[in-house]
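Asker: Sharing a structure with you now.
Numbering (the working numbering), first residue to last: 68 to 147.
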């Protein structure tokens with residue numbers, strides 16, 4: 068049986084509590100690059116099912132963080 072990467076990631080997190088999902092995300096961030104595809108799949112789900120206002124906030128945060136990184140500043144407050 069061949070399953071896609073998306074399906075494998077969904078199976079890995081299905082049935083987890085909110086606390087377990089948060090732990091999965093936090094464990095993946097800043098970890099080995101092998102976890103990046105999983106975060107991408109989860110982000111895709113978040114994006115697809117988010118309201119436009121939430122999407123704007125995500126893009127604003129990403130834009131601000133990328134600008135800070137370019138300027139040599141690591142962490143700026145999230146624009147909320």
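Quick reminder that beta carbons are idealized off the backbone N, C-alpha and C, glycines included.
1) Short check: CB of residue 72 to CB of residue 104, under 8 Å?
2) Look at the alpha carbon of residue 109 and the alpha carbon of residue 69, and state the distance between them as a whole number of angstroms.
3) Can you say whether residue 76 is buried or exposed, counting buried as having 16 or more other CB atoms within 10 angstroms of its CB?
4) What does the alpha-carbon distance come out to for the pair residue 92 and residue 106?
5) Go through its chain and collect everything with a Cβ distance to residue 79's Cβ below 6 Å, but skip five positions before and after it.
6) On a CA-only basis, which of 100, 112, 101, 99 is nearest residue 81? Give me that one, please.
Answerer: Checking against the coordinates, here is how it stands:
1) Yes, Cβ-Cβ distance for residue 72 and residue 104 is below 8 Å.
2) 20 Å
3) buried
4) 7 Å
5) none
6) Residue 112 holds the alpha-carbon nearest to the alpha-carbon of residue 81 among 100, 112, 101, 99.
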